[in-house]
Amino acid sequence: MEFLYLVLFYVEAFFVLVLLYVLLLILVTTYKHLTCRYLKKPRDLRECYGEWAVVTGGSYGIGKSYANELAQRKMNIILVSRSEEKLRQVAHEISLTHGVKTKYVVADLSQGQAAVDKIDKELTNLDVGILVNNAATAGGFPCQFKKVQRQSIYDMSSVNMSAVADLMYQVLPGMRARGRGLIVNVSSVASLGPLVNASVYSACKAYVTNLSETIRIECASEGIDVQTLTPGFVQTALLHCDTKRNSLPTFLNPTPEAFAKSAVDTIGHMKLTSGTLWHDLQPIDLKQRFGSWAVITGSSQGIGKHYAIELAKRNINLVLVSRSEEKLKAVSQDIGEKYGVKTKYVVADLGSGRDATEKISSSIQGLDIGILVNNAATPGGLPNYFYNLQRNDIWNLLTLNICSLTDLVQLVLPGMRERRRGLIVNVSSVAALAPNPIASIYAASKAYVHSFSEAIQAECKGTGVEIQTLAPGYVDTGFIDSNNHYLPGFFNPTPENYAKSAVATIGHMKWTSGYWAHELQSASLEFLPTRLRQIVMVMFVDTKKY
C-alpha cells in the first residue's frame with residue numbers, strides 16, 4: 244500500500260507541475276501581447292525594414308487586412324493573388340484610404356516557379372523590406388486523407404511550402420545586402436500537432452513553422468527579422484467547417500481585421516506568436532499480419548537496402564525503388580538468392596514527382612502490397628545556409644521528401660484499407676524535432692513527414708492499417724558528412740545495425756527513432772522547451788564552416 248500511495252503522490256505532483264506550467268505559459272503569453280499592444284511604442288516599419296511590403300494572398304481575409312495594417316503604418320504595398328478583379332479593387336482601396344503606393348501581381352502560386360518568377364520580376368529595383376507569406380490552400384479541409392484529390396496534394400505543396408521557401412529565397416539577398424528586412428510566414432496552430440481530417444494541411448504548416456524558425460536563426464546577426472504567425476480559427480473562407488467554428492466565442496474566432504491589427508503589433512517584439520530502445524518482444528509474423536509484398540524507396544544503398552534485407556529475412560517479397568538500375572539489379576539479385584524471396588525493382592527518380600509515382604503504381608498492380616517504406620530522401624544541398632542553396636535543389640527536395648512520399652501513401656492506402664491490413668513506415672528524422680541551422684529545408688521537410696504520419700495514423704485507427712514514423716539520428720550512410728557533427732560512435736550506427744533495430748519495432752511502436760542511442764537523443768530533445776531545442780541544435784552544428 245505504501246508503494247501505491249507513493250506512486251499516487253508522484254502522479255499528483257506531476258499533474259500539479261503541468262498545471263502550473265500551463266498557467267505560467269498563459270500568463271507569459273498574455274503579458275507579451277498586452278505589452279506589444281499597449282505598452283511598447285509601435286515600430287516605424289518603413290524606417291526599420293524598407294519602403295515596400297509584399298503580401299501574398301492579399302486580395303481577401305488575413306492577407307487583405309494585414310496589408311491594410313501595414314499601409315496604415317505608411318508601407319507601400321505589393322499585393323499577390325489569383326484574382327485580378329479583387330486585387331485591383333483592394334489596391335485601389337488601400338491607396339485611397341492610406342495614401343500609399345500600391346502594386347499588384349496576378350499570380351497562381353500553385354503554378355510553382357513560374358509564379359514566383361513573375362512576382363520577382365515585379366520586385367526589381369524596389370526596396371522590399373517586408374515579405375508576408377500568407378497565401379495558402381486547405382485542399383478541401385476538413386477531409387480524410389483517402390478522399391483528398393491528388394492534384395490538391397501538389398497544389399498544397401506548391402502554395403503552402405514551395406512558394407514560401409522560394410519567395411524567401413528571392414527576397415533574402417536584397418535584404419542581406421541592405422542589412423535589414425522582415426519576413427512574416429503565416430503558419431497555423433495546426434502545425435503544433437497532427438490534425439485529423441487535415442493531414443496534409445497541418446503537415447504543410449509544420450514545415451512552415453520549422454523552416455521559419457531555422458531561417459530566423461540563420462539571419463539573426465544580419466539585421467533581418469523572421470516571424471512565424473500561428474493563428475487558430477479566423478473568420479475567413481479558407482476552411483469549410485463553419486458549424487463547429489461558429490460555435491466558438493468571438494475571441495477564439497476573430498475577424499481578419501482584428502487578427503491583423505493584433506498580429507502587426509507584435510512585429511519586432513515576438514518571433515513566434517499563437518525510432519528506438521532495443522527490447523525483447525515476441526516477434527511478429529509480418530507476412531501474415533500485413534501482406535506478402537513490401538515497397539521500399541531509396542533501397543539501393545544505406546538504410547533502405549538494409550531495411551529491405553531485414554524484411555526479406557522475415558519472408559517478405561520486395562519491390563525495390565531507386566534511381567540507379569545497376570545498383571538496384573545487384574541488390575535485388577543478392578537478396579533473392581540469399582533469402583529465397585521474390586524481388587522486383589523499379590528505376591524511378593522520385594524527385595520528378597508524379598511521373599515516378601505513376602511508374603511505381605503501374606509496377607505494383609496486382610500485388611498484395613502489405614508494407615510501404617518511404618525511405619527515399621535528399622538533403623538538398625545541406626549542410627548550407629538557406630540563402631546559398633540552389634533553387635533547383637529546393638524544388639527537388641520538396642518533391643522527393645514531401646510530394647512523392649505523400650503520393651505513394653495515397654496510392655497504396657486504398658488497397659490496404661480494403662484488405663483491412665497494412666503498414667506504412669515513413670522515415671522522418673530527429674531533425675524534425677527542432678529547427679536545424681544549415682539544414683533548414685531538409686529539417687522542415689522532415690517536420691512535414693512527422694506531422695503527416697501522425698495525422699494519417701489517427702485517421703487509420705480501426706482500419707487495420709498501421710502507420711509508423713521512423714525518426715533516426717545520424718546513421719553511417721554517407722548521406723551527411725560525418726565531419727559536420729560531434730558524436731561518439733554509438734550515436735552513429737551502421738545501416739545494418741540501425742535497420743535490424745528499427746524493423747524490430749514494427750507492430751510495437753507508432754513513433755520511434757529506431758535505435759536505442761537515437762531514442763535517447765530524441766527523448767532529450769523532446770523534454771526541452773522549443774527555445775532550448777533551438778540552442779542545442781545551434782551548438783551542435785559547426786556553422787562557421789559555411
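Quick note, the sequence shown lines up with residues 244 to 789 if you use this note's numbering.
Idealized CB from N, CA, C, for every residue including glycine.
These numbers come from a predicted model, not from an experiment.
Paired residues, beta bridge with Leu313 - DSSP:
Per DSSP, none; premise fails for Leu313.
Closest by CA to Leu676, which one among Val564, Thr748, Asn453, Phe533?
Checked all of Val564, Thr748, Asn453, Phe533; the closest Cα to Leu676 is Asn453.
Determine the DSSP secondary structure at Asp468, reduced to helix, strand or coil.
Taken through DSSP and simplified to helix, strand or coil, Asp468 comes out as strand.
Measure the alpha-carbon distance for Val407 versus Ala358 and round it to whole angstroms.
The alpha-carbon separation between Val407 and Ala358 amounts to approximately 12 Å.
Just mark Asp409 as buried or exposed, buried being the case when its beta carbon has 16 or more other beta carbons within 10 Å.
Buried.
Which partner residues does Asn669 have in the DSSP bridge list?
DSSP output for Asn669 lists Asn617, Thr712 as bridge partner(s).
In this structure, what does DSSP give as the bridge partners for Val427?
The partner list for Val427 (beta bridge, DSSP) reads Val375, Gln470.
Just to confirm my understanding: we take Glu553, look at its own chain, exclude 5 residues before and 5 after, and list those with CB closer than 7 Å. What are they?
Closer than 7 Å at the Cβ level, and outside the excluded window around Glu553, lie Ala742, Lys743, Val746.
Tell me the DSSP secondary structure of Ile546 in three-state form.
In the structure shown, Ile546 sits in a helix (DSSP, three-state: H, G or I).
Whole angstroms is fine: what's the gap from Thr486's alpha carbon to Thr621's?
Low per-residue confidence applies at Thr486: pLDDT is 42, beneath 50, and the placement is therefore not dependable enough to give any value.
Is Pro416 buried or exposed, if buried means 16 or more other CB atoms sit within 10 Å of its CB?
Label assigned to Pro416: exposed.
What is the DSSP secondary structure of Thr755, counted as helix, strand or coil?
The answer is strand: DSSP assigns Thr755 an E or B state.
For Leu395, the three-state DSSP class (helix, strand or coil)
For the record, residue 395 in the displayed sequence is Ser; it is not Leu. Reduced to three states, the DSSP call for Ser395 is helix.
What do you get for Asp523, buried or exposed, if any count of 16 or more other CB atoms within 10 angstroms of its CB means buried?
Caution applies to Asp523, whose pLDDT of 31 falls short of 50 and renders its modelled position unreliable; the model cannot decide the point.
Distance check for Gly750 and Gly306, CA to CA, integer angstroms please.
C-alpha separation (whole angstroms): 45 Å.
What did DSSP end up calling Ile510 once you bin it into helix, strand or coil?
Three-state result, Ile510: coil.
I believe Ser575 touches Leu563 by the beta-carbon criterion, under 8 Å. Please report the beta-carbon distance rounded to the nearest angstrom.
Ser575 to Leu563, Cβ: 6 Å. Contact.
Following the continuous alpha helix (DSSP H) through Leu339, name the residue where it begins and the one where it ends.
Counting along the chain, the unbroken alpha helix (DSSP H) around Leu339 starts and ends at 327-341.
Boundaries of the beta strand (DSSP E) in which Asn560 is found, first to last residue
Boundaries of the beta strand (DSSP E) harbouring Asn560: 560-565, taken from the DSSP string.
From Tyr397, Ala381, Cys386, pick the residue whose C-alpha is nearest to that of Ser430; which is it?
Put simply, of Tyr397, Ala381, Cys386 the residue whose alpha carbon is nearest the alpha carbon of Ser430 is Ala381.
Which one or two residues does DSSP pair with Thr319 in a beta bridge?
Contrary to the premise, residue 319 reads as Asn rather than Thr in this sequence. Answer by DSSP bridge pairing, in chain order: Trp295.
Determine which residues share a DSSP beta bridge with Val589 and list them.
DSSP links Val589 through a beta bridge to Val564.
Taking the runs of the alpha helix (DSSP H) that are 4 residues or longer, which of them lie wholly in the segment 638-713?
Scanning the segment 638-713 for uninterrupted alpha helix (DSSP H) segments of 4 residues or longer gives 648-662, 683-702, listed from N- to C-terminal end.
Would Val391 and Val443 qualify as a contact pair, given that the criterion is a beta-carbon distance under 8 Å?
Against a cut-off of 8 Å, the Cβ pair of Val443 and Val391 comes out as a contact.
Does the beta-carbon distance from Ala433 to Ala420 come in below 8 Å?
Not a contact, by the Cβ cut-off of 8 Å.
By alpha-carbon positions, which one of Ala686, Asn560, Lys346, Ser671 ends up nearest to Leu369?
Among Ala686, Asn560, Lys346, Ser671, the Cα nearest to that of Leu369 is on Lys346.
First through last residue of the beta strand (DSSP E) which encompasses Thr210
Outside the displayed range of the chain (244 to 789) lies residue 210, so it cannot be described from this structure.
Count the other CB atoms, across all protein chains shown, that sit within 10 Å of the CB of Asp287; report buried if there are 16 or more and exposed otherwise.
Looking at its Cβ environment, which holds fewer than 16 other Cβ atoms inside 10 Å, Asp287 is exposed.
With H, G and I counted as helix, E and B as strand and the rest as coil, what does DSSP make of Ile305?
Correct three-state label for Ile305: helix.
Member of Asp636, Tyr450, Val477 whose CA lies at the smallest distance from the CA of Pro239:
As shown, the chain starts at 244 and ends at 789. That puts residue 239 outside it, with no answer to give.
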